[in-house]
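Peer 1:
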Amino acid sequence: MDFINHQLFIKDINVHIDPILPKKTAIITHGHADHARFGHDHVIATRQTIEIMKIRYGDKCAKKFTPLRYGQKYSIKNFNFTLYPAGHILGSAQVLIEKNNHRLVITGDYKVGKDETCKNFKLVKCDTLITEATFGLPIFQHPDPKDEIQKLIRSVKINKNNCHIVGAYALGKAQRVMNLLRQQKYNETIYIHGSLEKLCQYYSKEKINIGKFEKVSSKDKSFYEGKIIIAPPSALKDRWSRRFPNPIICMASGWMTVKQRAKQQGIELPLVISDHSDWNELLDTIKKSKAKNILITHGQEDALVYYCKKQNLVSKPLSIQGRSDEEIE
Amino acid sequence: MKKFSSLLHNLILTPSRNTKIKLLQDYFKILDINRAYALAILSDQLSFQFIKASKLRELVYEQVDQHLFDYSYDYVGDLAETISLIWPTNKEGKSQNLSTLIENIKKIKKSEINKEFSKVLSELSNNERWTLIKICTGGLRIGVSERLVKTALADLYNKSVNEIEEIWHGLEFPYENLFQWLKNETSKPKIDFKKLFHPMMLANPIDEEKDFKRLDANEFQAEYKWDGIRVQLMVSSNSVSLYSRTGDNISSAFPEIIETTKGDAVIDGELLVGRNFKPSGFNDLQQRLNRKKASKDLQKKFPVFIRAYDILFYKGKDLRKLSLVERRKYLEKFQKENTTNQIDLSTIINFSTWKALTKYKNNFYDDLNEGVMIKLKNSEYLPGRKKGYWYKWKKNPKLVDAILMYAQRGHGKRSSYYSDFTFGVWKENELVPIGKAYSGYTDKELLVLDKFIRNNTTNKFGPVREVKKEIILEVAFDDVFPSTRHKSGVAMRFPRIHRIRWDKPINEVLSIKEFKKEFKID
Numbered sequence: 001m002d003f004i005n006h007q008l009f010i011k012d013i014n015v016h017i018d019p020i021l022p023k024k025t026a027i028i029t030h031g032h033a034d035h036a037r038f039g040h041d042h043v044i045a046t047r048q049t050i051e052i053m054k055i056r057y058g059d060k061c062a063k064k065f066t067p068l069r070y071g072q073k074y075s076i077k078n079f080n081f082t083l084y085p086a087g088h089i090l091g092s093a094q095v096l097i098e099k100n101n102h103r104l105v106i107t108g109d110y111k112v113g114k115d116e117t118c119k120n121f122k123l124v125k126c127d128t129l130i131t132e133a134t135f136g137l138p139i140f141q142h143p144d145p146k147d148e149i150q151k152l153i154r155s156v157k158i159n160k161n162n163c164h165i166v167g168a169y170a171l172g173k174a175q176r177v178m179n180l181l182r183q184q185k186y187n188e189t190i191y192i193h194g195s196l197e198k199l200c201q202y203y204s205k206e207k208i209n210i211g212k213f214e215k216v217s218s219k220d221k222s223f224y225e226g227k228i229i230i231a232p233p234s235a236l237k238d239r240w241s242r243r244f245p246n247p248i249i250c251m252a253s254g255w256m257t258v259k260q261r262a263k264q265q266g267i268e269l270p271l272v273i274s275d276h277s278d279w280n281e282l283l284d285t286i287k288k289s290k291a292k293n294i295l296i297t298h299g300q301e302d303a304l305v306y307y308c309k310k311q312n313l314v315s316k317p318l319s320i321q322g323r324s325d326e327e328i329e
Numbered sequence: 330m331k332k333f334s335s336l337l338h339n340l341i342l343t344p345s346r347n348t349k350i351k352l353l354q355d356y357f358k359i360l361d362i363n364r365a366y367a368l369a370i371l372s373d374q375l376s377f378q379f380i381k382a383s384k385l386r387e388l389v390y391e392q393v394d395q396h397l398f399d400y401s402y403d404y405v406g407d408l409a410e411t412i413s414l415i416w417p418t419n420k421e422g423k424s425q426n427l428s429t430l431i432e433n434i435k436k437i438k439k440s441e442i443n444k445e446f447s448k449v450l451s452e453l454s455n456n457e458r459w460t461l462i463k464i465c466t467g468g469l470r471i472g473v474s475e476r477l478v479k480t481a482l483a484d485l486y487n488k489s490v491n492e493i494e495e496i497w498h499g500l501e502f503p504y505e506n507l508f509q510w511l512k513n514e515t516s517k518p519k520i521d522f523k524k525l526f527h528p529m530m531l532a533n534p535i536d537e538e539k540d541f542k543r544l545d546a547n548e549f550q551a552e553y554k555w556d557g558i559r560v561q562l563m564v565s566s567n568s569v570s571l572y573s574r575t576g577d578n579i580s581s582a583f584p585e586i587i588e589t590t591k592g593d594a595v596i597d598g599e600l601l602v603g604r605n606f607k608p609s610g611f612n613d614l615q616q617r618l619n620r621k622k623a624s625k626d627l628q629k630k631f632p633v634f635i636r637a638y639d640i641l642f643y644k645g646k647d648l649r650k651l652s653l654v655e656r657r658k659y660l661e662k663f664q665k666e667n668t669t670n671q672i673d674l675s676t677i678i679n680f681s682t683w684k685a686l687t688k689y690k691n692n693f694y695d696d697l698n699e700g701v702m703i704k705l706k707n708s709e710y711l712p713g714r715k716k717g718y719w720y721k722w723k724k725n726p727k728l729v730d731a732i733l734m735y736a737q738r739g740h741g742k743r744s745s746y747y748s749d750f751t752f753g754v755w756k757e758n759e760l761v762p763i764g765k766a767y768s769g770y771t772d773k774e775l776l777v778l779d780k781f782i783r784n785n786t787t788n789k790f791g792p793v794r795e796v797k798k799e800i801i802l803e804v805a806f807d808d809v810f811p812s813t814r815h816k817s818g819v820a821m822r823f824p825r826i827h828r829i830r831w832d833k834p835i836n837e838v839l840s841i842k843e844f845k846k847e848f849k850i851d
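Protein chains in written order, with the numbering used here: chain A, 1 to 329; chain B, 330 to 851.
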């Protein structure tokens with residue numbers, strides 16, 4: 001495992017995983033902005049991740065693209081790379097790296113729970129596991145997303161003169177919320193912030209059931225009474241949200257577990273819907289991977305490192321520059 | 330319990346005052362005993378004798394690994410929320426009434442608390458557990474003041490909130506007489522005012538730019554602002570009692586006041602330590618605070634007196650509707666009739682322009698007054714912090730530049746941010762901490778500091794992060810005293826971050842020697 005450094009860089013063959021700065025060869029786990037960046041020479045990723053990158057950054061965001069199917073092996077010198085579903089968002093992948101019988105898995109962002117908007121997480125056994133730890137504290141135990149989405153539907157029914165603005169990341173979370181609403185038989189048109197439009201169209205094209213949606217336009221204020229509007233979190237505090245009638249500000253995020261966080265952000269209706277694994281899922285994955293060597297990145301690593309050491313696993317935090325430990329997508 | 334806990338959940342998340350009032354009113358519309366429990370909880374009058382924060386920690390350590398709990402608590406910044414989230418449970422029991430639940434908990438024997446109360450916690454939903462722990466630890470901090478609860482009740486029944494305020498401290502659980510009067514079934518509850526703490530009149534900070542243009546100096550008088558503790562002294566022929574600002578009876582801690590005071594009145598004043606009515610500073614007063622009793626020795630070493638500001642009752646007569654000037658006449662009369670070595674009168678400063686008042690504000694009068702109070706001459710004595718009557722104008726604070734050394738996450742609304750800062754000055758080639766501050770910065774500065782700390786941590790000690798010594802903070806503080814408890818030998822009073830000194834190199838920061846010299850500490 002010493003072939004990869006703390007920046008997820010494999011020096012022998014000059015390959016990076018999810019690099020922040022433009023590099024020669026980059027393997028991209030998924031399309032979120034803290035993983036997929038503009039300007040690499042060669043991007044290796046799933047077809048969907050590549051297409052999402054092109055939507056977000058333009059067709060020329062890299063010089064060369066190599067799409068890989070899940071499970072398809074790709075070799076560079078004596079290194080073999082295989083992508084497996086991570087269950088995080090559409091196109092998201094874990095990276096298995098094999099060299100001389102050593103199997104190393106970089107999970108990228110992942111969740112174990114069911115999600116109709118992407119391929120579900122596949123457990124990959126390995127010797128070294130580099131896992132994310134966004135919700136790496138035992139206080140994070142995600143509830144059933146169906147119950148959370150029901151809270152929204154109930155509130156819409158009760159507060160007929162209000163509109164509900166749901167803060168959700170433009171890529172992944174927004175479409176997941178839409179899909180969850182559809183699963184719960186909410187069949188009204190869902191209104192979306194302009195920045196979500198292309199990605200929603202892409203999800204529709206990929207046959208993800210997000211139902212009927214429409215871009216918010218300058219209609220009469222009262223038109224939006226009783227409607228659900230989905231917008232990126234940054235728009236909630238913006239003047240943009242003031243054009244709506246008595247908005248009830250909602251947010252779909254794992255962070256909403258903590259009331260104090262919801263309050264800080266001015267969220268009135270928190271919906272605990274996460275695209276990351278919760279504490280128990282992280283522990284379960286670590287255990288089932290059979291890895292003896294656990295590196296932890298991306299979030300609340302201290303508690304998880306402590307836990308692993310207690311289980312007699314070799315474990316240390318891996319700090320990756322340019323990643324803040326909170327409020328990531 | 331479900332209903333009450335969702336009330337609290339909604340209250341904490343609702344920014345709008347009107348919505349909060351509406352939520353409270355919807356709840357108070359229920360006509361059973363539960364609303365009395367709710368009122369007691371919302372006004373912080375209900376607690377369990379054996380179950381406090383330390384007990385809760387003990388219980389949670391029985392359930393989860395201590396380190397994992399500590400990491401989580403550090404992250405969440407709220408004990409009730411951390412425990413409610415981390416508590417292992419899957420089986421919710423049958424939902425109970427708020428009143429039943431509380432009475433059942435009260436019945437638990439001390440020896441069985443660990444087992445029985447843990448069982449209660451396990452059977453609640455997350456949100457109910459959060460509510461119950463909040464009740465145990467007291468001080469809900471859900472953005473609802475006692476005043477707002479009273480306002481909601483008053484509006485619901487078309488009464489004035491001041492009417493409730495007046496009788497509030499004479500009411501007792503389960504508030505039958507209050508609810509009956511609110512519904513006009515009986516007359517206003519009769520309260521023995523002599524035994525009742527009267528909510529104090531408080532001042533707002535003055536806005537030098539706006540207020541001085543707007544206000545006519547001739548309509549105001551001023552007094553020095555003293556840095557002691559605000560008290561209410563109730564004197565009658567058969568008893569004397571002393572209350573703190575929050576209505577706690579602190580009589581037993583200050584026997585010399587209780588034993589010597591005579592007369593029949595309710596006095597508002599400042600409790601200070603000193604001899605011959607010469608205050609000797611907050612550090613000395615601190616020796617007398619938070620004690621249930623005071624030994625003879627302590628009384629001798631740190632004698633206390635009261636500097637009287639105002640009078641609310643005189644010989645059974647309610648003076649609160651009179652003007653400040655009229656009340657002062659009664660106060661002087663009381664003082665003349667009952668002269669003791671424990672009460673003197675606050676001096677009135679006469680001035681004709683705001684500019685003229687400045688020199689009194691900044692007068693470093695033995696360095697002990699904190700500034701001045703500016704009071705409308707014809708103000709009634711009104712409970713609470715009403716705008717337009719009383720103002721406080723504080724001296725400019727003392728300032729020192731110090732180097733940011735350590736940071737810790739904040740609590741409550743600042744949880745998640747590194748918002749508690751320890752700063753220090755030089756001692757030889759090392760830094761020695763001189764204080765800790767968690768306020769004063771702007772939201773923007775907080776974000777900058779938070780980011781700096783995350784990116785420049787050099788060491789972690791549990792929740793505390795040591796950072797690169799690069800950032801200089803200009804720290805404002807009210808005063809500084811010698812202290813044997815701190816390595817630096819100094820303790821600051823009310824330090825806060827004034828600004829970040831981007832312009833100054835760290836080697837220009839004072840040494841502890843220079844610091845002590847500048848602020849006259851031996």
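Cβ coordinates follow ideal geometry from the N, Cα and C atoms, glycine included.
Whose C-alpha, out of Ile228/A, Tyr191/A, Pro138/A and Lys122/A, is nearest the C-alpha of Ser155/A?
Peer 2: As a working note, residue 155/A is residue 155 in the first sequence. Closest option to Ser155/A, Cα to Cα, is Ile228/A.
Peer 1: Is any heavy atom in the ligand SAM found nearer than 6 Å to the beta carbon of Val729/B?
Peer 2: Among the components of this structure there are no ligands whatsoever, and the ligand SAM is therefore not found.
Peer 1: Taking only the alpha-carbon atoms, compute the straight-line gap between Ala231/A and Thr117/A and give it to the nearest angstrom.
Peer 2: By one-based count along the first sequence, residue 231/A stands at place 231. By one-based count along the first sequence, residue 117/A stands at place 117. Distance between the alpha carbons of Ala231/A and Thr117/A is about 18 Å.
Peer 1: Compute the Euclidean distance between the alpha carbons of Ala262/A and Glu268/A, then round it to the nearest angstrom.
Peer 2: Within the first sequence, numbered from 1, the residue matching residue 262/A stands at position 262. Within the first sequence, numbered from 1, the residue matching residue 268/A stands at position 268. Taking the straight line joining both Cα atoms gives about 7 Å.
Peer 1: Provide the residue(s) that pair with Asp749/B in DSSP beta bridges, ordered along the chain.
Peer 2: Within the second sequence, residue 749/B is the residue found at index 420, counting from 1. Its beta-bridge partners are Gln737/B.
Peer 1: Can you give me, in chain order, the residues of the segment 385 to 403 of chain B that have a beta carbon less than 7 Å from any beta carbon in chain A?
Peer 2: Against chain A - using a Cβ distance shorter than 7 Å - the residues of the segment 385 to 403 of chain B are Val393, His396, Leu397, Tyr400 and Ser401.
Peer 1: Please name the residue or residues paired with Ser817/B in a DSSP beta bridge.
Peer 2: In the second sequence, residue 817/B corresponds to position 488, counting from 1. Beta-bridge pairing links Ser817/B to no other residue.
Peer 1: What first and last residue would you give for the beta strand (DSSP E) that runs through Trp722/B?
Peer 2: Counting from one through the second sequence, the residue named residue 722/B turns up at place 393. Element bounds for Trp722/B: Trp719 to Lys723.
Peer 1: Going by CA-CA distance only, name the one from Ala365/B, Tyr735/B and Lys625/B that's closest to His783/B.
Peer 2: Position 454 of the second sequence, counted from the start, is the residue given in the question as residue 783/B. At residue 783/B the sequence reads Arg, which differs from the His that was named. Ranking the options by Cα distance to Arg783/B, first place goes to Tyr735/B.
Peer 1: 7 Å is my cut-off, CB to CB: does Val449/B come that close to chain A?
Peer 2: Sequence index remark: in the second sequence, residue 449/B carries index 120 (1-based). Not an interface residue.
Peer 1: When the Cα atoms are used, what is the spatial distance from Asn624/B to Lys517/B?
Peer 2: As a position in the second sequence, residue 624/B is number 295, starting the count at 1. As a position in the second sequence, residue 517/B is number 188, starting the count at 1. Inspection of the sequence shows that residue 624/B is occupied by Ser rather than by Asn. Going from the Cα of Ser624/B to the Cα of Lys517/B covers about 43 Å.
Peer 1: Touching or not, the segment 529 to 537 of chain B and the segment 699 to 711 of chain B, by the rule of three or more beta carbon pairs under 8 Å?
Peer 2: yes
Peer 1: So Thr466/B contacts chain A; which residues on that side make the cut at Cβ distance below 9 Å?
Peer 2: As a working note, residue 466/B is residue 137 in the second sequence. Ordered by position in chain A, no residue passes the 9 Å Cβ test against Thr466/B, which lies about 15 Å from the chain.
Peer 1: Checking contacts by CB at 7 Å: is Glu410/B closer than that to chain A?
Peer 2: Along the second sequence, read from residue 1 onward, the residue named residue 410/B stands at position 81. Interface with chain A (7 Å Cβ-Cβ cutoff): Glu410/B is included.
Peer 1: Is the separation between the beta-carbon of Pro330/A and that of Lys221/A shorter than 7 Å?
Peer 2: Given a span of 1 to 329 for chain A in the structure shown, any question on residue 330/A remains unanswerable.
Peer 1: Give me the subset of the segment 774 to 785 of chain B whose CB atoms are less than 7 Å from a CB atom of chain A, sorted by chain position.
Peer 2: Arg783
Peer 1: Indicate the three-state DSSP secondary structure (helix, strand or coil) for Phe606/B in the structure shown.
Peer 2: Within the second sequence, the letter at position 277 stands for residue 606/B. Coil.
Peer 1: Looking at Ser748/B: is its Cβ nearer than 7 Å to the Cβ of Tyr767/B?
Peer 2: As a first step, residue 748/B must be located in the second sequence, where it is residue number 419. As a first step, residue 767/B must be located in the second sequence, where it is residue number 438. Cβ distance < 7 Å, so Ser748/B and Tyr767/B count as in contact.
Peer 1: For Lys215/A, would you say it is in contact with chain B, using Cβ-to-Cβ distances shorter than 7 Å as the test?
Peer 2: Within the first sequence, residue 215/A is the residue found at index 215, counting from 1. By this cut-off, Lys215/A is not an interface position.
Peer 1: Mind checking which residues open and close the alpha helix (DSSP H) that includes Pro233/A?
Peer 2: Counting from one through the first sequence, the residue named residue 233/A turns up at place 233. Segment Pro233 to Leu236, the alpha helix (DSSP H) holding Pro233/A.
Peer 1: Taking a cut of 9 Å between CB atoms, which residues from the segment 95 to 120 of chain A lie near chain B?
Peer 2: none
Peer 1: Listing by chain order, which chain A residues have their CB less than 7 Å from the CB of Gly406/B?
Peer 2: Counting from 1 along the second sequence, the entry for residue 406/B is found at position 77. Chain A residues near Gly406/B: Gln260.
Peer 1: Name the chain A residues that come within less than 8 Å of Leu342/B, Cβ to Cβ?
Peer 2: The count along the second sequence starts at 1 and reaches residue 342/B at position 13. Lys259, Ala262, Lys263, Ile267, Glu268, Leu269 and Pro270, listed in chain order.
Peer 1: Would you say Ile326/B lies against chain A (beta-carbon separation less than 7 Å)?
Peer 2: Past the edges of chain B, shown from 330 to 851, lies residue 326/B, and the structure says nothing about it.
Peer 1: From the DSSP output, read off the bridge partner residues of Gln392/B.
Peer 2: As a first step, residue 392/B must be located in the second sequence, where it is residue number 63. DSSP, once it has assigned bridges, lists no residue as partnering Gln392/B.
Peer 1: Taking contact to mean at least 3 C-beta pairs separated by less than 8 Å, is the segment 492 to 511 of chain B in contact with the segment 661 to 670 of chain B?
Peer 2: no
Peer 1: Note down, in chain order, each residue of its chain lying with its Cβ closer than 8 Å to the Cβ of Ser652/B, except the 5 sequence neighbours on either side.
Peer 2: Translated into positions along the second sequence, residue 652/B becomes position 323. Excluding sequence neighbours, Ser652/B sits near Lys706, Asn707, Ser708 and Glu709.
Peer 1: If you follow the beta strand (DSSP E) that Trp416/B is in, where does it begin and where does it stop?
Peer 2: In the second sequence, counting from the first residue as 1, residue 416/B sits at position 87. Unbroken run through Trp416/B: none, as it is neither H nor E.
Peer 1: With respect to the alpha helix (DSSP H) encompassing Tyr638/B, which residues constitute its N-terminal and C-terminal limits?
Peer 2: Here residue 638/B is taken as the residue at index 309 of the second sequence, counted from 1. Careful: Tyr638/B lies outside any alpha helix (DSSP H), inside the beta strand (DSSP E) at Val633 to Tyr643.
Peer 1: Given Glu148/A, which residues of its chain have a CB within under 6 Å of its CB, disregarding the five upstream and five downstream residues?
Peer 2: Position 148 of the first sequence, counted from the first residue, corresponds to residue 148/A. Excluding sequence neighbours, Glu148/A sits near Leu271, Val272 and Ile273.
Peer 1: Since I believe Ser565/B is in contact with Asp540/B (beta carbons under 8 Å), could you give me their beta-carbon distance rounded to a whole number of angstroms?
Peer 2: Within the second sequence, numbered from 1, the residue matching residue 540/B stands at position 211. Within the second sequence, numbered from 1, the residue matching residue 565/B stands at position 236. Not confirmed; about 39 Å, so no contact.
Peer 1: Which residues in chain B sit within 7 Å of Pro85/A, going by Cβ to Cβ distance?
Peer 2: Taking the first sequence and counting its residues from 1, one reaches residue 85/A at position 85. By Cβ distance, chain B contributes nothing, its closest Cβ being about 29 Å from Pro85/A, past 7 Å.
Peer 1: DSSP three-state label for Trp510/B, please.
Peer 2: As a position in the second sequence, residue 510/B is number 181, starting the count at 1. Under the three-state reduction of DSSP, Trp510/B is assigned to helix.
Peer 1: Terminal residues of the continuous alpha helix (DSSP H) containing Glu661/B?
Peer 2: Taking the first residue of the second sequence as position 1, residue 661/B is located at position 332. Leu653 to Glu666 is the span of the alpha helix (DSSP H), which, as asked, contains Glu661/B.
Peer 1: In chain order, what residues of the same chain lie with their CB nearer than 6 Å to the CB of Cys61/A, ignoring the 5 residues before and after it?
Peer 2: Mapped onto the first sequence, residue 61/A falls at position 61. Residues Phe38 and Met53 of the same chain have their beta carbon placed closer than 6 Å to that of Cys61/A, with the five preceding and five following residues left out of the count.
Peer 1: Going by the DSSP bridge assignment, what does Thr297/A pair with across the sheet?
Peer 2: For the purposes of this step, residue 297/A is taken as the residue at position 297 of the first sequence. DSSP output for Thr297/A lists Glu132/A as bridge partner(s).
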